[in-house]
Amino acid sequence: MIRCQALRWGAAGQPLTPPVDFELLKGSLTAVIGANGSGKSSLLKVIAGLQKPLTGKVFLDVSRKGSLSFLPQQQHLDRQFPISLQELVAAGFWGSKQSPELRSQRLNTAMEDWCLSGLEQRPLMALSGGELQRALLARLSLAQTPLLLLDEPHAALDELGQSLLWKHIHQWHAEGRTMVVVCHDLSAVRQHIPHTLLIKSSGCLFGSSTELIHPQPQTQVA
Amino acid sequence: MLAAAQLWQPFHEFVFMRRALMGGLVLACSTAPLGVFLILRRMSLIGDAVAHGILPGAALGFWFAGLSLPALTLGGLGAGLSMAGLAAWITRRTGLREDASLAAIYPISLASGVLILGIAGKRLDLLHLLFGSALAVDGPTLTGMLWVSGVSLIAMVLIYKALLLDTLDPLFLQTVSRLGPLAHGVFLTLVVLNLVIGFQAIGALMVVGLMMLPAAASRFWSRRLPVLIAIAAMLGCLSVWLGLLLSFYYSLPSGPSIVLVAGGFYVLSVVFGPVHGLLCRPPLLTSQ
């Protein structure tokens, strides 16, 4: 589904890693982990075609427009924007040719699925971070694309929201969709995501999550 | 105090007042959505910069063709668009912030305009270009304004959805469609077009006021985008009407009267507006 060849990315003249080759298969579920500033979000943007790679190429099996969904980090959004939660979620129908009845039915289902019922008319500025994150995920779910790129989907979500998120990620995985997830929560990655791409300035490692991530001891040393 | 009859009588009696009113009203309607989107896109000052920037084009048009509406309009449009384009190009190539790059270009543009007017022999009053006079709207200018307003409104309806998403969440729009840059380009062209046609009527600087003041005021009255645009258009129309009446009865210059009435609405909105106005606490937000 995604094949990267001698890929380097980052700011001009400052590649974040040596050239990287990897291939993510159709229907795979992969986590991207690494330290702050290691280039996880930029890698997603390069794959989504929102940022140009410095060298190398990214091949996708699908067209970039309309076949992939990208969940950006929510600080990109202007919270003062005069739009309601429902209008934000309904933007997920962009380019869809479904009938208005089917759309409104799917919109209602998505609102229920992400526990947003009752918040439809709330303006963006009156939403909590978690509610906004669930709205962005609901928008993503409406698009039904074969490739999903999620940048920190668990950000701002409480325990309930996180379990909702993992439930949906497993469901999308079962539907055969390809997913790449940037995630900081290593124990969650170990538990939920089969494969991991670890980005380090010395190079990238790709492998099974349980091998790449060692369980963290829960004790703290003073 | 103005009696009820006096509110309509000057427009009934004088053709030039009727034309000024008509032109002002259509301009207020077409600049309202532009102003609201300029504010949402954090480009509120672009209107000001472009209004200065169109001067050399208008001056060149005047030099070659005299006081002809198409020449002034085409010149202004060319200068405004090339200024906005040049600023955007410098920003893209060098990373200079867009506002800095515009702020650097527009004095150059304004100064060249004044220089060209000087060489051309000062027959065109600079004050008229910058501050205009709504009362000088003639038949062809009015027709031009009607066309520009009609075209802008139709174009805004067509690009509304794309422009909204490009403003709120450009990354999302980029992943689902290629329309973002197109919508941005059309939008900027409409801004320049409205400023150019407006500067013939109420003056380059005044039309910026008519574009931005109602848009800024409307933010204190609603949280919904279509309502904001409707309120901005309504406040703009009211400003044109009351401003023209003021200028008629008290012999004031029409452009500044219109803008000052709009300014009055802005101040009232800041103080009394229900959405974060000074006198109103933010409404309680409870889930239904």
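Just so you know, the sequences run in chain order B and L.
Under our numbering, the first residue of the first sequence is numbered -19, with each subsequent residue one higher.
Under our numbering, the first residue of the second sequence is numbered 5, with each subsequent residue one higher.
Each residue gets a CB set at the ideal place from its N, CA and C atoms; glycine is no exception.
Buried or exposed (CB count within 10 angstroms, at least 16 for buried), residue i
i                : result
A68 (chain L)    : It is Phe, not Ala, that sits at residue 68 (chain L) in the sequence shown. When all chains shown are included, F68 (chain L) counts as exposed.
A63 (chain L)    : buried
K147 (chain B)   : exposed
C(-16) (chain B) : buried
H304 (chain L)   : Because chain L in this structure spans residues 5 to 292, residue 304 (chain L) falls outside the shown range and cannot be described.
C184 (chain B)   : buried
H150 (chain B)   : exposed
Y270 (chain L)   : buried
T98 (chain L)    : exposed
Q178 (chain L)   : buried
L282 (chain L)   : exposed
T(-3) (chain B)  : buried
L82 (chain B)    : exposed
A36 (chain L)    : buried
W245 (chain L)   : buried
G70 (chain L)    : exposed
R170 (chain B)   : buried
S189 (chain B)   : buried
E139 (chain B)   : exposed
P33 (chain B)    : buried
C284 (chain L)   : exposed
A56 (chain B)    : For the sequence presented, residue 56 (chain B) should be read as His rather than Ala. Classification of H56 (chain B): exposed, given that the 10 Å Cβ count is below 16.
R96 (chain L)    : exposed
Minimum Cβ-Cβ distance from residue i to chain B less than 8 Å
i              : result
R96 (chain L)  : no
L44 (chain L)  : yes
S226 (chain L) : yes
L232 (chain L) : yes
A7 (chain L)   : no
L229 (chain L) : yes
L85 (chain L)  : no
L172 (chain L) : yes
S291 (chain L) : Because S291 (chain L) carries a pLDDT of 45, less than 50, the predicted location of this residue cannot be relied on, and the following value inherits that uncertainty. True, the Cβ-Cβ gap to chain B drops below 8 Å.
is_contact[residue i, chain L] using C-beta, thresh 8 Å
i                : result
S49 (chain B)    : yes
I(-18) (chain B) : no
K20 (chain B)    : no
K180 (chain B)   : no
P133 (chain B)   : no
W74 (chain B)    : yes
F39 (chain B)    : no
L82 (chain B)    : no
P33 (chain B)    : no
A28 (chain B)    : yes
P103 (chain B)   : yes
Residue i and residue j closer than 8 Å at C-beta
i                : j              : result
I(-18) (chain B) : V26 (chain B)  : no
L87 (chain L)    : S48 (chain L)  : Looking at the sequence provided, one finds Met at residue 87 (chain L) rather than Leu. No.
L104 (chain B)   : R59 (chain B)  : yes
S251 (chain L)   : L239 (chain L) : no
I235 (chain L)   : S243 (chain L) : no
A118 (chain B)   : Q53 (chain B)  : no
V152 (chain L)   : I94 (chain L)  : no
M91 (chain B)    : S97 (chain B)  : yes
V180 (chain L)   : K77 (chain B)  : no
G192 (chain L)   : L31 (chain L)  : Reading off the sequence, residue 192 (chain L) comes out as Leu, not Gly. Contact: no.
A91 (chain L)    : L106 (chain L) : yes
F2 (chain B)     : L172 (chain L) : no
L199 (chain L)   : V54 (chain L)  : yes
L23 (chain B)    : I179 (chain B) : yes
L65 (chain B)    : A115 (chain B) : yes
L99 (chain B)    : E111 (chain B) : yes
L146 (chain L)   : M21 (chain L)  : no
A83 (chain L)    : P111 (chain L) : no
P195 (chain L)   : G28 (chain L)  : Inspection of the sequence shows that residue 195 (chain L) is occupied by Val rather than by Pro. Not a contact, by the Cβ cut-off of 8 Å.
F224 (chain L)   : G277 (chain L) : yes
P144 (chain L)   : L100 (chain L) : no
Closer than 7 Å: residue i CB and nearest the ligand SAH heavy atom
i              : result
G267 (chain L) : Judged by which ligands are present, the structure shown has none, so any question about the ligand SAH falls away.
Could I get the ranges of all uninterrupted beta strand (DSSP E) runs contained in the segment 159 to 190 of chain L, with 3 residues as the minimum, in chain order?
As far as the segment 159 to 190 of chain L is concerned, it has no whole beta strand (DSSP E) run of at least 3 residues.
Beta carbons nearer than 9 Å to chain B: which residues of the segment 174 to 204 of chain L have them?
Along the segment 174 to 204 of chain L, going in chain order, the ones with a CB nearer than 9 Å to a CB of chain B are P174, L175, F176, L177, Q178, T179, V180, S181, R182.
Going residue by residue through the segment 202 to 268 of chain L, where are the continuous alpha helix (DSSP H) segments of at least 4 residues, counting only ones entirely within it?
For the alpha helix (DSSP H) assignment, the uninterrupted runs of no fewer than 4 residues enclosed by the segment 202 to 268 of chain L are, from N- to C-terminal side, 208 to 222, 229 to 254.
Kindly provide the ranges of any alpha helix (DSSP H) runs that are 4 or more residues long and lie completely inside the segment 137 to 172 of chain B, ordered along the chain.
List check, alpha helix (DSSP H) in window: 139 to 154, 166 to 172.
List, from N- to C-terminal side, the alpha helix (DSSP H) runs of 4 residues or more that fit wholly inside the segment 18 to 83 of chain L.
For the segment 18 to 83 of chain L, whole alpha helix (DSSP H) runs of length 4 or above, ordered along the chain, are 19 to 44, 50 to 57, 59 to 69.
Any C-beta of chain B within less than 7 Å: which residues of the segment 157 to 170 of chain L qualify?
Taken in chain order, the members of the segment 157 to 170 of chain L whose beta-carbon sits within less than 7 Å of a beta-carbon on chain B are L169.
Compile a chain-ordered list of the residues in the segment 45 to 70 of chain B whose CB is closer than 8 Å to at least one CB of chain L.
Here the close residues are K45, G46, L48, S49, F50, P52, H56, L57, D58, F61, P62, I63, S64, L68.
Every unbroken alpha helix (DSSP H) inside the segment -4 to 75 of chain B [4 residues or more]
Taken in chain order, the complete alpha helix (DSSP H) segments of 4 residues or longer contained in the segment -4 to 75 of chain B are 20 to 28, 44 to 47, 65 to 70.
Only counting runs of 3 or more residues, tell me where the beta strand (DSSP E) segments fall wholly within the segment 80 to 111 of chain L, in order along the chain.
You should have found no qualifying run.
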